[in-house]
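Scroll down for the structure; my scribbles are underneath it.
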Amino acid sequence: MKILHDVHNHNIFSNCCNDNSASTDAFVAREVELGNKIFGLSNHIWDESVKGASYWYSKQTITKAEEAKAYLAKAPASLKCLFGAESEYFHCHDRLGMSVEGAKRFDYMLIPHSHQHMRNQVLWDLPEIQEMRAKIAADVAAALPYLAEDTVKVMANALGEAHLKKYVEQKTDLGKYMADAAVKSFYDLCANETFIKICATVPTSIAHPFAFCGIPNEIKNSFLINIPDEVLYDCFTKAKAIGAYCEINCAAVTEHGMDLEANQLIRVFKNAKKAGCQFTFGTDSHSVKSLEIIRVGDTVADTLGLTKADIAEYLQDGVEE
Ligand SMILES: [Zn+2]
Ligand SMILES: [Zn+2]
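Below is the structure:
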């Protein structure tokens, strides 16, 4: 199967894009060259009507992202352009970065559950880090009794995990910790009322499911192996029930290695397929150059034996059997 759509990518509207040439025009031109039929731009977006954005998200609003729409409208007729978003799910607070009303301003939505590098938003600190932070807060409060409680809290919370690590012995098995949290966040996302409503309102994919962010590529498979097939199958059964699609993220596949026998994400997708989930494809490209990795999608689709019926309806014209 040839994948002729890419609905997950970031250009200059996302703060993490470092390619200054990644304008919307440049993305559209490259998509035409690549022969794609459907292109969806999906920058990182936190709906400004939803409280609780992190500082990083607070500058990436719907209103800002909508500036790209004028450029998408200029694309040649051979390329169908969609306006999408990769929003967020802060599992620690069961908070979605998009409201139902906000989602209506898009053609489709991508919601990740695995941005686990966002500590205390998507993933709580490791228990030993939490203990050390609490100890520092208690020691500061005891040494400086004139400080207000919230001041002490701000001081203790300002210390990042990377900094606190040198004071603790890591006892937690990080692979197991992240895998367990990913399962829980997937279930909780599928039970989140706003998410359920968004899925019923616009085509919505769970972005890069079970692809843990913030760890080296070399260890990703060894972390993911902690999640058994039955659990993955049950997770995707829940996703299917609310009409959420499973994203096949080409960058994440590549990060897990192109030996697809060893690639644990393929096992994730096999379980999603078994559960009857439909798929969407994206490169998660942050540059013009990497839009070409959509070809990885062809290999994954063939490995999984996907047919047109396995693709989300709104993208079925964007594949060739
Ligand atoms: Zn993401
Ligand atoms: Zn992304």
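Note that the working numbering has the sequence shown beginning at 1, numbered continuously upward. All C-beta atoms, glycine included, are put in the ideal place defined by N, C-alpha and C.
beta-carbon residue i near ligand 1 non-hydrogen atom, thresh 6 Å
i      : result
Pro209 : no
Pro112 : yes
Neighbourhood of residue i by C-beta distance below 6 Å, restricted to the same chain and skipping five residues each side
i      : result
Gly52  : Arg95
Lys2   : Asp298 and Glu320
Ile293 : Cys250 and Thr283
Val152 : Ala137, Val140 and Ala141
Gly318 : Leu4, His5, Lys37 and Ile38
Same chain, Cβ closer than 7 Å to residue i, neighbours up to 5 away in sequence not counted
i      : result
Phe106 : Phe83, Gly84, Ala85 and Val202
Gly243 : Cys199 and Ala200
Ile62  : Ile45, Asp47, Glu48, Gly102 and Arg105
Ala262 : Asn221
Asn120 : Cys92
Arg30  : Val288 and Leu291
Reduced DSSP secondary structure (H/G/I, E/B, other) of residue i
i      : result
Val231 : helix
Ser287 : coil
Thr172 : coil
Ser205 : strand
Thr280 : strand
Met109 : strand
Gly297 : helix
Asp25  : helix
Ile215 : coil
Ile311 : strand
Ser114 : coil
Val319 : strand
Tyr71  : helix
Tyr19  : Checking the sequence shown, residue 19 turns out to be Asp, not Tyr. Of the three classes helix, strand and coil, the one that applies to Asp19 here is coil, per DSSP.
Phe90  : strand
Leu34  : helix
Asp6   : strand
Ala85  : strand
Own chain residues within Cβ distance below 8 Å of residue i, not counting five before or after
i      : result
Cys16  : His10, His44 and His286
Ser23  : Asn11, Ile12 and Tyr71
Phe269 : Cys246, Ile248, Phe279, Val300 and Leu304
Gly257 : Asn217, Asn221 and Asn263
Val183 : Ile227, Val231 and Cys235
Chain C contact for residue i (CB, 7 Å cutoff)
i      : result
Lys176 : Of the protein chains in this structure there is only one, and it is not chain C.
What residues come near ligand 2, if near means a beta carbon less than 6 Å from any of its heavy atoms?
In chain order, the qualifying residues are His8, His10, Glu86 and Asp284.
The stretch 73-87 / the stretch 38-58 touching (three or more Cβ pairs under 8 Å)
Taking one beta carbon from each stretch, the stretch 73-87 and the stretch 38-58 have 3 or more pairs nearer than 8 Å; the two touch.
Would you be able to state if there are at least three C-beta pairs under 8 Å between the stretch 228-248 and the stretch 202-212?
Proximity of the stretch 202-212 to the stretch 228-248 meets the contact definition, three or more beta-carbon pairs being nearer than 8 Å.
Could you tell me whether the stretch 125-134 touches the stretch 305-319, using the rule of 3 or more Cβ pairs below 8 Å?
No contact exists between the stretch 125-134 and the stretch 305-319.
Using 8 Å as the threshold, is the stretch 159-171 in touch with the stretch 179-195, meaning 3 or more CB pairs across them?
When C-beta atoms of the stretch 159-171 are compared with those of the stretch 179-195, fewer than three pairs fall below 8 Å, so the two segments do not count as touching.
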